[in-house]
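Student: Take a look at this one; I'll ask things after.
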Amino acid sequence: MWFLDEHPVSNSDSSQPAASSNSTPHVWTRASVEARMRRVDLDLLPKIIFATSPTVTALLRSDVTRYLEFRFVSRCLAYTTVPNSPEKQAQQSDGSTSITAAPTIVQVPVGRSELFKTKLLTLRQKRLLGAFFEWCFNLTVDDNQTPIAGAPQNGSYDAYAIRPFREFLREQHNLDDFLQEVITTNLALAGENIMTDEAICRIRRLLISMNRFGQHPILWPLYGCGDLPQSYCRMSAVFGAVFCLDCQLVSLRPIETQLGDTGNRPAVDNIGSGPTRSARQFVARLSNGHEVRTTCCVIGADCAPQQWIQTQIHRWCARAILITDRSLYPVGRKPTDVSILAIPLSGRGEAELDPVLLLEIPVETARRNDVELFVVHVSAQIRSASLDPAQLFQPMLNRLFELRAPEPCVEMQSDTSSPLPRVLWAGYFCIPDLSSVETITSARTNDPRFSSSTGFFLSPGADSSFDMDSTAIAAESVFRDVAARLDLHPASNISASTLLTAAGGSDGPRLSTLTSSNGTLPTQSTINPYVSLDARWDGLLPPRPPRPEDIISGEDDQGTLQTSASPDTA
């Protein structure tokens with residue numbers, strides 16, 4: 001939805017702290033906005049990444065970070081009613097704390113380093129909040145970062161574990177209503193009715209992510225969340241994976257339906273002379289007309305037949321993407337700052353749902369004098385797809401932005417006195433939460449040909465939460481199911497030299513496809529040109545890529561050292 005007419009619309013660059021009276025307002029047109037947005041990827045389902053999380057662990061183990069760049073989510077904002085300043089509080093004879101009539105956007109501190117620099121809190125509030133951070137950080141937890149019941153450090157926690165979190169903050173840590181709201185909504189990213197056990201896990205996740213890669217605990221991929229699967233594809237392609245680009249899966253059929261082929265004979269790979277671990281089970285037809293035989297097949301839930309997954313969808317994600325002309329909170333903002341803002345939202349049917357999350361990302365500029373633009377992602381959990389995201393978000397967006405369509409054929413001069421950023425374009429849609437889809441589909445499909453026993457797996461899709469952790473956990477579950485089907489097991493404690501001597505090489509192109517230094521094809525080596533996955537796998541996910549010394553595969557008859565990665569693919 002455009003909020004710009006075909007005719008020019010004037011808008012001052014109010015992202016700057018101050019503008020001179022004789023400054024010329026910038027004129028935005030649809031063409032100029034479209035030209036700037038060609039440099040931007042718009043995520044359909046954006047996710048934040050905590051610095052200490054299963055997602056980061058998987059990125060580091062797989063070494064795909066060489067293909068990725070990140071920014072810190074450097075500002076945590078809150079839309080709330082702010083207590084009076086300490087000076088005004090001191091003038092009150094009764095000692096009560098009054099609040100301003102209208103809520104406003106403020107930046108809240110995350111961690112102790114920001115806590116004592118902020119002017120938002122009184123000295124007493126800083127001490128109480130700092131003490132809570134320290135208590136939360138020092139809890140005795142298990143390997144899953146869950147507090148251990150009965151531990152000496154967790155005495156006050158055990159009594160409130162299944163009680164409302166705000167009750168725990170008020171009675172055990174003497175935090176006032178303002179601090180309770182900031183901690184619950186903006187730090188835990190939770191609803192008002194969240195229980196203490198879940199809220200503490202969320203707060204600890206934030207605290208243990210501090211100072212791992214920098215002073216901020218949350219990361220954002222520079223080119224969007226879609227860059228993560230692309231980086232895995234690039235890494236796997238280096239070591240022999242094949243990708244069929246610009247085509248889709250049209251159909252999948254059991255192989256025994258093909259001209260009497262029962263699928264029981266050993267399948268022979270195109271790249272090797274020995275039989276594979278199991279026979280081919282499926283024929284996948286692609287949109288480019290090609291057919292691929294495969295032993296196992298893993299498809300995403302979004303590619304599965306609708307009747308398989310319809311009954312497993314219990315939650316949706318309402319989305320809005322906005323293009324705005326200025327920041328929600330320009331005070332002290334740097335050009336590369338990424339901001340998050342959590343706001344409670346009613347009208348979704350359930351009070352325990354997480355708040356709406358706004359993620360504000362600056363559009364990259366090509367020149368220093370380019371006027372700033374911002375992309376704002378709005379995400380909210382809903383229980384029914386019948387809710388219209390535009391109507392659901394309208395009351396909240398009206399408080400934060402200027403949503404005003406221009407009159408036809410009239411050039412609009414922007415109101416420079418308005419503190420609200422103006423929306424230039426907006427898009428609204430819903431995405432189903434596919435995280436609850438079962439990987440084992442035989443019970444759902446009533447067709448034994450499509451089950452884990454035959455090598456068919458259904459991968460759950462993305463969920464409606466704000467982070468990627470559930471995706472990493474689901475990926476591990478699918479990988480272990482496939483590994484069990486292929487009879488892959490972690491390697492025993494064998495040295496790398498033993499592995500190379502026994503198997504030679506690594507996962508990658510076959511030796512005979514490589515040329516020696518003099519340009520001639522080497523003769524086929526008598527050793528196996530591959531190190532199998534289970535020969536190097538330590539049992540953790542994802543498997544580590546081969547080391548440079550692991551891809552040495554041996555010498556040919558002329559004494560030339562051969563490797564399993566060719567210059568064209570490495």
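Numbering-wise (the UniProt record's numbering), the sequence shown opens with residue 1 and increments by one.
Backbone N, C-alpha and C define an ideal beta-carbon position, used for all residues, glycine too.
Everything numeric in this text was worked out from a predicted model, so none of it was measured.
In this structure, how does DSSP classify Glu181 when only helix, strand and coil are distinguished?
Tutor: Three-state DSSP puts Glu181 in a helix.
Student: Based on Cα-Cα distance, which residue from Thr295, Trp135, Ser346 and Leu353 lies nearest to Trp316?
Tutor: For Trp316, the nearest C-alpha among the options comes from Leu353.
Student: Taking its Cβ as the centre, do 16 or more other Cβ atoms sit within 10 Å of Asp469, making it buried, or is it exposed?
Tutor: Burial call: buried.
Student: Ordered along the chain, which non-local residues of its own chain (more than five positions away) have a Cβ less than 8 Å from that of Leu219?
Tutor: Ile48, Ile49, Phe50, Ala51, Val56, Phe70, Arg71, Phe72, Val73 and Phe213, listed in sequence order.
Student: Kindly identify the DSSP beta-bridge partner or partners of Leu322.
Tutor: The partner list for Leu322 (beta bridge, DSSP) reads Val376 and Ala426.
Student: Using a threshold of 8 Å, state whether the C-beta atoms of Tyr329 and Ile105 are closer than that.
Tutor: For Tyr329 and Ile105, yes; Cβs fall inside 8 Å.
Student: Specify, as a first and last residue, the run of the beta strand (DSSP E) that Pro395 falls within.
Tutor: Not the beta strand (DSSP E): Pro395 falls in the alpha helix (DSSP H), residues Pro389 to Leu400.
Student: So the candidates are Ser384, Thr324 and Arg383; which of them puts its Cα closest to the Cα of Ile361?
Tutor: It is Thr324 whose Cα lies nearest to the Cα of Ile361.
Student: What residue range does the alpha helix (DSSP H) around Arg204 cover?
Tutor: Element bounds for Arg204: Thr196 to Ile208.
Student: Give me the Cα-Cα distance between Leu249 and Arg348, rounded to the nearest whole angstrom.
Tutor: The alpha-carbon atoms of Leu249 and Arg348 are separated by roughly 36 Å.
Student: Below 8 Å between beta carbons: does that hold for Phe457 and Val437?
Tutor: In this structure, Val437 does not lie closer than 8 Å to Phe457 by Cβ.
Student: Considering Glu171, what are the terminal residues of the alpha helix (DSSP H) in which it resides?
Tutor: Residues Phe165 to His173.
Student: What distance in whole Å lies between the Cβ atoms of Ile340 and Pro355, which are believed to be in contact at a cut-off of 8 Å?
Tutor: Not quite, the Cβ-Cβ distance comes to about 11 Å (not below 8 Å), so this is no contact.
Student: Which whole-angstrom value is the C-beta distance of Asn186 and Val108, which I expect to be below 8 Å?
Tutor: Their Cβ separation, rounded to whole angstroms, is 5 Å, which keeps Asn186 and Val108 in contact under 8 Å.
Student: Around the C-beta of Glu411, are 16 or more other C-beta atoms found within 10 angstroms, so that it is buried, or is it exposed?
Tutor: Unreliable positioning characterises Glu411 in this predicted model, as indicated by a pLDDT of 45, which lies under 50. The coordinate reading is nonetheless provided below. So Glu411 ends up on the exposed side.
Student: As a quick exercise: from Phe116, Pro254 and Tyr79, pick the residue whose alpha carbon is nearest that of Leu189.
Tutor: Of the listed residues, the one whose Cα sits closest to Leu189 is Tyr79.
Student: Using 10 angstroms around the beta-carbon of Thr526, count the other beta-carbons present and answer buried if the total reaches 16, otherwise exposed.
Tutor: Confidence at Thr526 is low in this model, with a pLDDT of 41, below 50, so the placement of that residue is unreliable and no value is reported for it.
Student: Would you report the Cα separation of Arg204 and Gly539, rounded to the nearest angstrom?
Tutor: In a straight line, the C-alpha of Arg204 is about 27 Å away from that of Gly539.
Student: Of the residues Leu139, Asp63 and Leu77, which one's Cα is nearest the Cα of Phe239?
Tutor: When only C-alpha atoms are compared, the closest one is Asp63.
Student: Measuring straight from C-alpha to C-alpha, what distance separates Ser209 and Leu420?
Tutor: About 32 Å.
Student: Does Gln230 come out as helix, strand or coil in the three-state DSSP assignment?
Tutor: Residue state, collapsed to three classes: helix.
Student: Distance check for Gln215 and Asp143, CA to CA, integer angstroms please.
Tutor: Answer to the nearest angstrom: the Cα atoms are 24 Å apart.
Student: To the nearest angstrom, report how far apart Leu387 and Arg326 are at their CA atoms.
Tutor: C-alpha separation (whole angstroms): 29 Å.
Student: May I ask which residues mark the beginning and end of the alpha helix (DSSP H) holding Trp135?
Tutor: Leu123 to Phe137 is the span of the alpha helix (DSSP H), which, as asked, contains Trp135.
Student: Just confirm the distance between the C-beta atoms of Phe401 and Val378, as a whole number of angstroms; I'd bet it's less than 8 Å.
Tutor: With 8 Å as the limit, Phe401 and Val378 do not qualify as a contact, their Cβ atoms being about 10 Å apart.
Student: Is it right to say residue 571 is buried, meaning 16 or more other beta carbons lie within 10 angstroms of its own, or is it exposed?
Tutor: Residue coverage of the chain in this structure runs from 1 to 570, which leaves residue 571 outside it and unanswerable.
Student: Measuring alpha carbon to alpha carbon, tell me which of Phe282, Thr294 and Asp227 ends up nearest Val242.
Tutor: Considering only alpha carbons, the answer is Thr294.
Student: CA-CA distance, Leu175 and Ala483?
Tutor: Answer to the nearest angstrom: the Cα atoms are 50 Å apart.
Student: When the distance is taken between beta carbons, is Gly191 closer than 8 Å to Asp43?
Tutor: Not in contact: Asp43 and Gly191 (Cβ atoms no closer than 8 Å).
Student: Pull up the distance between the alpha-carbon of Pro229 and that of Pro542, whole angstroms please.
Tutor: If you take the alpha carbons of Pro229 and Pro542, they lie about 13 Å apart.
Student: Specify the secondary structure class of Gly300 as computed by DSSP and reduced to three states.
Tutor: Reduced to three states, the DSSP call for Gly300 is strand.
Student: Which of the three DSSP states is assigned to Leu187 in this structure?
Tutor: Note: Leu187 maps to helix in three-state DSSP.
Student: Short check: CB of Asp197 to CB of Ile148, under 8 Å?
Tutor: Not in contact: Asp197 and Ile148 (Cβ atoms no closer than 8 Å).
Student: Report yes if the C-beta distance between Gly461 and Gly226 is below 8 Å; otherwise report no.
Tutor: It is not a contact, given that the beta carbons lie outside the stated cut-off.
Student: Among Arg66, Thr365, Ala279 and Lys334, which one has its Cα closest to the Cα of Cys233?
Tutor: The candidate whose alpha carbon is nearest that of Cys233 is Arg66.
Student: Using the DSSP secondary-structure output, state which residues sit across from Pro221 in a beta bridge.
Tutor: Answer is Phe70.
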